[in-house]
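Colleague:
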Amino acid sequence: MNFKFKKYWRKTGLNPKWGNKLIELIDQKKPHHFLEIGVFCGVTSRNICEFLNIIQHGNFTYTGIDLFGDDNEDNDEKKPTYIKHQKFSNPLKHIYYNFFLKENLNSLESVKKFLKNFENKVYLYKGNSNKVLKNLDIKKIDFAFIDGGHSYQTTLNDIEIVHQNMKGKKGTIVCDDYQDASYITDVKKAIDYYVKKENLSLRVIEGKFAVIEV
Ligand SMILES: C[S@@+](CC[C@H](N)C(=O)[O-])C[C@H]1O[C@@H](n2cnc3c(N)ncnc32)[C@H](O)[C@@H]1O
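If you're matching positions, the sequence shown starts at 0 in numbering that gives the first Met the number 0 and goes up one per residue.
#1: Kindly identify the DSSP beta-bridge partner or partners of C174.
#2: Looking only at its own chain, which residues have a Cβ that is under 7 Å from the Cβ of K28, when we skip the five neighbours before and after it?
#3: Starting from the C-beta of I160, find all residues in its chain whose C-beta is less than 7 Å away, skip the five residues before and the five after it, and write them out in chain order.
#4: Just the C-alpha distance for K188 and Y151, rounded to the nearest angstrom, thanks.
#5: Output the boundary residues of the beta strand (DSSP E) element that contains L123.
#6: F50 and G12: beta carbons closer than 7 Å?
#7: Strictly by DSSP, which residues pair up with D65?
#8: Where does R45 fall in DSSP's three states?
#9: Is V210 near ligand 1 - that is, is its Cβ less than 6 Å away from at least one heavy atom of it?
#10: Rounded to whole angstroms, what's the CA-CA distance from N74 to Y95? Just pull it up for me.
#11: Quick one: grab the DSSP three-state call for H31.
#12: Can I204 and S128 be called in contact, C-beta distance under 7 Å?
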């Protein structure tokens, strides 16, 4: 498959190397209903929609959950530094987004606009996954990318709810930041605990992606 992960001149949690690895995993599994927890500015979301649109001929859904700035109650999260402020190393991007467009890229409105080509296939939810996820019907989800809150409690909540909804069907869960970022250790602890408890098989790719096949 000749698809290359694009950054779309925004900010992204995944660099092209890891974006392409995620696309490769999606290509292997060919899911129809994708869930991303932690949308950020929508770059991974957009790549996923573009890719699923090609391989599934438009027959797919994408569901995304993010705080979208609503993080008052979320103080225990260990945020990667790049998401704290809308700062860009490229001064042109800084001027373009902060002064010209005055657009917050990690907002529901901005991501909605960015994914508008897939409007009728995209479901975006603003809020804390600890609350939002349990009230969503995610029974059809057959591929989840968990990359939202990086605390022990949130990681465990997200994996548990997604896994319980996938049980008995075929599905894939990929969690980011398993152990590559030394300042985030809770993600690994939560995944290891849950995988052991549920007797699941875990494959870790270069210390970063934790892949759980259901
Ligand atoms: C690492 S970024 C996600 C990067 C994105 N997946 C990408 O590839 O560009 C983490 C995102 O998770 C969101 N987040 C953090 N805690 C959350 C929570 N408890 N519920 C929902 N979203 C959360 C943050 O607002 C942030 O946008």
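Here a beta-carbon is modelled for each residue, glycine too, at the ideal position from N, C-alpha and C.
Keep in mind the model is a prediction, meaning the values are calculated, not measured.
Modeller: Taking the definition as stated:
#1: As a working note, residue 174 is residue 175 in the sequence shown. Bridge partners of C174: I145, A209.
#2: Indexing the sequence shown from 1 puts residue 28 at position 29. For K28, where only same-chain residues beyond five positions count, the Cβ hits under 7 Å are F142, T171.
#3: For the purposes of this step, residue 160 is taken as residue 161 along the sequence shown, with counting starting at 1. Correct list, in chain order: L132, K133.
#4: Within the sequence shown, residue 188 is the residue found at index 189, counting from 1. Within the sequence shown, residue 151 is the residue found at index 152, counting from 1. When rounded, the distance between both Cα atoms is 7 Å.
#5: Against the sequence shown, residue 123 aligns to sequence position 124. Residues 121 to 125.
#6: Walking along the sequence shown from the start, residue 50 turns up at place 51. Walking along the sequence shown from the start, residue 12 turns up at place 13. Not a contact, by the Cβ cut-off of 7 Å.
#7: Counting from one through the sequence shown, the residue named residue 65 turns up at place 66. DSSP lists K125 as partners of D65.
#8: Counting from one through the sequence shown, the residue named residue 45 turns up at place 46. R45 falls in the helix class under three-state DSSP.
#9: Locating residue 210 in the sequence shown gives position 211, where the first residue counts as 1. Not so, every heavy atom of ligand 1 lies at least 6 Å from the Cβ.
#10: Indexing the sequence shown from 1 puts residue 74 at position 75. Indexing the sequence shown from 1 puts residue 95 at position 96. Legend: pLDDT at N74 = 49, less than 50; position of this residue unreliable, value from coordinates given subsequently. Their backbone Cα atoms lie some 30 Å apart in a straight line.
#11: Residue numbering aside, residue 31 sits at position 32 when the sequence shown is read from its first letter. Three-state result, H31: coil.
#12: Here residue 204 corresponds to residue number 205 of the sequence shown, with the count starting at 1. Here residue 128 corresponds to residue number 129 of the sequence shown, with the count starting at 1. No, the Cβ-Cβ distance between I204 and S128 is not below 7 Å.
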